[in-house]
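J.: Convert by adding 13 to the 1-based position in the sequence shown; the result is the number in the working numbering. Backbone N, C-alpha and C define an ideal beta-carbon position, used for all residues, glycine too. Here the structure is a predicted model, which means the values were calculated and not measured.
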Amino acid sequence: MGDGSTLEPEGPALQDLSASEIESILDAAASFKKSKTSKALAGRVATLIFSEPSTSTRSSFEIAARRLSAEVLGFSTASSSLLKGETLLDTIWNLEAMGVEYFVVRHEVSGILEELAPRTKASLINAGDGAHEHPTQALLDILTLREKKGALKGLKVVIVGDILHSRVARSNIHGLKKLGAKVTVCGPRALVPSGIESLGAAVSHDLDAALSGADAVNVLRLQLERQKENFVTSLPDYYAAYGVTAERLSKIPGCAVLHPGPMNRGVEIESAAADGPQSAILEQVSNGVLVRMAVLALIEEWRSHAG
Ligand code: CP
């Protein structure tokens, strides 16, 4: 990887970035909190290809690209020629031929960006690929933690919920571990993949034990749409064992609550926890725009140096 001053566009996963590269993105995002807008992408065209639903990621990338003065081409997968059999690569090549240089892609296939990136001169930005990674979500989670807690080194972060299907969990583990945080993943046995310890995370199936001494808890949505088996016995049982509630949080008053969204209130998190004084959830959402501005601007910087 590079020297940390630029973000190479071939690295669509936090696994591929060094600690200093992650810090550079966080610093650039923090600087956009003050400057708000820039001409970094003036004259560039960006588009968003999302083959899975999204509110937060899609909207914040679009706002980020506009704040950097890019032109944003509207693209709806549901009304595109992808539905008539055009491959995603042909779609990218066609749009690239029209002048699109930035593609923000969400796709159900893990690793699809690594496959496509070498076949186009355009920059592909990972907005979530299957259960692999959601790097900008983890970056905004980490930025929010850095703002709340200062340095990441030594922080105890618990990620609770559907770890098995979660690209957010994988990206968070990679990013947090690189910056020196201690990570515990927690959930029912069926929703914690075997071997996750190899990424450097501790594993717990007891939420109250895992939360003891935690500086932050990142609450994941139960991804019912991806579950082909009954991974949980019942939603009330799941909530009783793994729901993040105000009562649980009252024992750890210094613990910040994160959730990548979309939230299922009453399934994995109580409204009193989501909207309570320990919640940093809307700060995460605001930071999403800044992180995505930083990623786009740093890629543009790299592209201009690469010629
Ligand atoms: N966090 C996240 O990816 O949310 P969306 O699915 O709404 O983009």
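Assuming residue 236 contacts residue 184 (C-beta within less than 8 Å), just tell me the rounded distance between them.
T.: The Cβ separation is near 15 Å, so there is no contact.
J.: Indicate whether residue 112 and residue 58 have their beta-carbon atoms separated by less than 8 Å.
T.: yes
J.: Which residue wins for smallest C-alpha separation from residue 201, given the options 176, 186 and 224?
T.: 176
J.: Does DSSP classify residue 70 as helix, strand or coil?
T.: helix
J.: Could you check where the alpha helix (DSSP H) with residue 160 kicks off and where it finishes?
T.: 148-162
J.: Pick from 279, 251, 305 and 190: whose alpha carbon is nearest that of residue 31?
T.: 190
J.: If you compare alpha carbons, which of 178, 187, 217 and 306 is closest to residue 197?
T.: Minimum Cα-Cα distance from residue 197 among the listed residues 178, 187, 217 and 306 corresponds to 217.
J.: According to DSSP, is residue 243 part of a helix, a strand, or is it coil?
T.: coil
J.: Rounded to a whole number of angstroms, what is the C-alpha to C-alpha distance between residue 328 and residue 199?
T.: The question about residue 328 has no answer here: the residues shown for the chain are numbered 14 through 320.
J.: Is any heavy atom in the ligand CP found nearer than 7 Å to the beta carbon of residue 143?
T.: no
J.: Report the residue ranges of all beta strand (DSSP E) runs contained in full by the segment 82-147; include only those spanning at least 3 residues, in chain order.
T.: As far as the segment 82-147 is concerned, its whole beta strand (DSSP E) runs of at least 3 residues are 84-86, 113-120 and 136-142.
J.: Just tell me which of 50, 36 and 28 has its CA closest to the CA of residue 361.
T.: Residue 361 lies beyond the residue range present for the chain, which begins at 14 and ends at 320; the question has no answer from this structure.
J.: Got a sec? Which residues, its chain only, sit under 8 Å from residue 145 by beta carbon, not counting five neighbours each side?
T.: The answer, listed in chain order, is 26, 123, 124, 180 and 183.
J.: Tell me the start and end of each unbroken beta strand (DSSP E) in the segment 248-310 that is at least 3 residues and wholly inside, in chain order.
T.: 269-271
J.: Suppose the cutoff is 7 Å on Cβ atoms and the five residues either side in sequence are ignored; what does the same chain contact list for residue 214 look like?
T.: So the qualifying residues of the chain are 186, 196, 197 and 198.
J.: Please give the ranges of any alpha helix (DSSP H) in the segment 17-67, keeping only runs that are unbroken, at least 4 residues long and fully inside the region.
T.: 32-48
J.: Let me know the beta strand (DSSP E) ranges lying completely inside the segment 185-215, each 3 residues or longer, listed in chain order.
T.: 195-199
J.: Measuring straight from C-alpha to C-alpha, what distance separates residue 120 and residue 34?
T.: In this structure, the straight-line span from the alpha carbon of residue 120 to that of residue 34 is close to 25 Å.
J.: Going by the CB atoms, is the gap between residue 234 and residue 277 shorter than 8 Å?
T.: yes
J.: How about residue 311 and residue 77: do their beta carbons lie closer than 8 Å?
T.: no
J.: Give the range of the alpha helix (DSSP H) segment to which residue 223 is assigned.
T.: 220-224
J.: Should residue 236 be listed as close to the ligand CP, given that the test is whether its C-beta is under 7 Å from any heavy atom?
T.: no
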